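Here is the structure we will look at.
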Amino acid sequence: MTQYKQGTARKDAPANFRKTVLASLIASLMLPVAAGAAGAGAGQQAAATPAATAPEASAQPLEVVVVTARKRTEALQAVPVAISAFTADSLERAKIVAAPDLQFSIPNAVLTGNDRFTIRGIGNNSLGGDNGVGLSLNGASIGYLPQDEFYDIERIEVLRGPQGTLFGRNTTGGGIAVTTKRANGKFGGEFNIELGNYNATRMGGTLNIPINDTVMQRFSGYSLKRDGYTRNEFTGNKIDGRDQYGLRSSTRLDLEDYGQVNLMLGTYKEDSSRAREGKRLCKASPVLGCSATELGFDSPDATATILQTLARFFTPFPAGGNIYAGAPNPTDLRAVAADTDPSFLMKHNFGTLDYTLDIGQFSATYVAGYSSFNTEQNTDWDNAALPFRFTKPITYSVDRDTVVTSDRILTTDSSVAASQTWSHEMRVSSQFKGTFNFTGGLFHLRSSGTGGFYIWNPIIESFQKAQGRPPETWFVNGETKRSTTRATALFGEGELKFSDKLRATLGARLTEEKKTSLGRNIVLSGTVPFKQSELDWKWWTGRASLNYAPNRDTLLYGSVSTGYKGGGFNAGNATVPEFDPETVTAYEIGYKTTMLDRKLRANFSLFYNDYADMQLAQRIAGSAITSNADAKIRGAEAEFLWAPSKAVLLDLNLSYLDTKIGDFMTIDAANPAQSATVKTPEVLVNLRGNKLPHSPTSKYKIGAQYTMGMFGSGWNATARVDHVHQASYFAREFNTVNDRIDAWGVTNLQLRFTSPDNKIEVKTFVKNLSNADNLTNIIIEDALIGSYRNVRLLDPRTYGVQVQYKF
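According to mature numbering (1 follows the signal peptide of the UniProt record, and there is no 0), the stretch in the sequence shown is residues -37 to -1, 1 to 770, in order.
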């Protein structure tokens, strides 16, 4: 048996490069911080303009970044909220092309797998619930699928901490606001092509057409194809590849005195081998199948599992047989051995519409959003290619469309979902020149969907047939026939100016939310009727802050805010049929400053969050069960951007996080004490003092770039290095040895060449220089198949070249 040890790079990793880079960057970055402490008030900040963060070779001070975090256009440094803002230039500079790249540049942020952001310890820890980090697109609450790439983006704003006033529900951890580029009055565009290892080809382009002074049109899109990062040694194929594309159309109408209209329509489609399940880790144990205290490259000992017990009595089972006996499990984290390759189908159509009209000292805005998506994701349920054979062939279903007669165990799990969402928001903002201004409005969201999680296994089917049960019970059948969400909110926020230096902000939001569900869960039972469930809530959230600006370059603020995330249903669970909403009261103080003649930007925040009824989930007996617990969170964050000369640009992010769960009695299905009650675990444990999942204690990110001319040719060459390091954390709230994810680091390199007119750019890059196998999540699988751990990893080392032409 081979034991697994975290924290190792692959054999071809360079040994000392990261240490050298880190030492030099830390030394250079800390000097301006010390120097700026005495001169924080020096210089005057320029008026807000929609500019990017510091140009690579500019001799001028840092330009002002514009954000809309408070539903109006403001300079980043003037907003009393912890925000990480990324303009089009800064996204390109750090080569942030997808959600996994974005997490590296955000303090106290983690992305687990492909689609779940956690900010300040809060994300989506409830398998059947809402996300705690809200996603908006062009101001509409319809979300931006993290599986999609970032292309033709104007700005991404990441707001840390609850945003319960202006953004509303499901922002207890924070919010991510994506703004796409709008059509403008200048003809132009760009085309780019990128070639890399793993046979990666990425192409993209934009075209902006001013039809006349009133109508402007913009088109953009991309396509991505690459081989998989993981080898399936049984099928001989590379899996976890990509084959996807995205298209957008943006139309702008300038109606002069009658306002401005922006319409964006888009589509995203993927048909790939994206892996929903990762590498299987297990140290075989006869109790639950896999050890609760060790990880290895074994296959589960199925002796005591429910499936093996059923197989002995209801299938032609060989004497002394073990389902997993001899099942290969490669010792490479990027290699698996499974009967079938995964498949991932997704289609997403979406659109946003916003109309703004200025009327005297008021600005009225209407924002609408639409989202429609469907997905089907299939994988091998036992994540194995089993040598096991029945003593004679049996006939059974491998999936919903395939029936076989075989002596092998072939399994499939399938996750399907479809939904439609409409959102509407109407708001009015004042533009008074006096002491008071406000933003207020109405919000409505309507969403409906269907979904299901299904598992086909010949042992389950044989048992159900032996009981004389109908075909709809021959597989694990967790089906939601219909679910709906309706949310309506009234909100307002006002700012009172006591003096040129002192201001106060006060806001509140009243949300009414109603959820319905028609679903059932069939696991080794007879027919279960669909159950109609309904929940509704009415909740107040708000924010109060006091802001002090001793000069134009400095802002100090203190705030108290509350957040709310709706509850939900534990489909098919009669014991715990539903879970409560999650709420938070957050306290924060912050300091923002620009110093050294506006060449250094430094932002700091300290926070304490008091959570009530936080949603935590696990899988038990084929079901996802969410419970509620209280928790305390505290932390600190710092962000720096420094342009010490026209050729050098440096950035540094630092964060600290401390999380503690309160009194919380619950069940750990992986606890060996459950072995006698594995079908219905009943041994309670108290998680008081444990850390929340996906909450690393510390994280830092350092970036440095240097630009130089190329021998008088007019071309510039820019070299850039980025390094991020994240401390260890736990994948589950139980904080066991097998839940621990070790600390990891990632180093990225770039070298780009830019023509004198900035129309041509050639970029070479390397991501994950050391080629380390960095874990981001560990998921415990169901006790039915041995409680093995399913791990997810960051991308391996990738490299390539990109050519871009602008016109």
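Glycine included, every Cβ here is placed at the ideal spot set by N, Cα and C.
The structure presented is a predicted model; accordingly, all values stated were derived computationally and were not measured.
For the pair D543 and N591, the Cα-to-Cα distance works out to about 7 Å. Distances from the CA of R239 to each of E744, A507, F461 and Q578 were compared; the closest alpha carbon is that of E744.
Comparing C-alpha distances from Q110 to each of P43, Q207, A41 and A163 shows the shortest one belongs to Q207. H686 and P173 have their C-alpha atoms some 41 Å from each other. The DSSP-derived three-state label of D52 is helix. The C-beta of T368 has fewer than 16 other C-beta atoms within 10 Å across all chains shown, which makes the residue exposed.
Closest option to T629, judged by alpha-carbon separation, among F693, I588, A247 and N616: I588. Residue E551 holds the alpha-carbon nearest to the alpha-carbon of R123 among E551, A667 and Y762.
For H387, same chain residues with a beta-carbon under 6 Å away, outside a window of 5 residues either side, are A331 and H407 in chain order. When P421, G97 and F336 are compared, the shortest CA-CA separation from D345 is found for P421.
Check the Cα spacing between S306 and each of R56, M166, K201 and G159: the tightest is with K201.
The three-state reading of DSSP puts I552 in strand, counting E and B together. Exclusion of the five residues before and after Y762 leaves G159, N160, T727, F728, V729 and K730 as the residues of its chain whose Cβ lies within less than 8 Å of its Cβ.
Under the three-state reduction of DSSP output, N701 falls in the helix class. The residues Y768, K769 and F770, in chain order, have a CB closer than 8 Å to that of K722 in the same chain once the five nearest residues on each side in sequence are set aside. Here Y221 carries a helix assignment [DSSP, helix/strand/coil]. Judged by DSSP in its simplified three-state form, T266 adopts helix. For I422, the uninterrupted alpha helix (DSSP H) run begins and ends at P421 to A429, by DSSP. A163 is bridged by DSSP to G159. Here the region 140 to 156 lies against the region 166 to 185, with 3 or more beta-carbon pairs under 8 Å apart.
When only Cα atoms are considered, Q324 and Q394 end up about 5 Å apart. In the structure shown, Q66 falls within a helical segment according to DSSP collapsed to helix, strand and coil. For the pair R352 and I372, the Cα-to-Cα distance works out to about 7 Å. Beta-bridge partners assigned by DSSP to R564: T557 and L604. Under the three-pair Cβ rule at 8 Å, the region 130 to 148 counts as touching the region 514 to 530. When the beta-carbon positions are compared, S392 and T402 come within less than 7 Å of each other.
Annotated three-state conformation of I59 is coil, per DSSP. Per the Cβ contact rule, the region 294 to 314 is not in contact with the region 446 to 457 (fewer than 3 Cβ pairs under 8 Å). Taken in chain order, the unbroken stretches of beta strand (DSSP E) that lie wholly in the region 349 to 385 and span 3 residues or more are 357 to 360 and 366 to 369.
Note on S522: 16 or more other CB atoms within 10 angstroms of its CB, so buried under the neighbour-count rule.
Of all alpha-carbon atoms in N533, L465 and N101, the one lying nearest the alpha-carbon of N484 is that of N533. Per the Cβ contact rule, the region 422 to 429 is not in contact with the region 453 to 471 (fewer than 3 Cβ pairs under 8 Å). L509 has its alpha-carbon roughly 31 Å from the corresponding atom of K654.
In the three-state scheme derived from DSSP, where H, G and I count as helix and E and B as strand, F276 is classed as helix. Distance between T342 and G151, taken at the CA atoms: about 44 Å. Secondary structure at Q668: strand, using DSSP grouped into helix, strand and coil.
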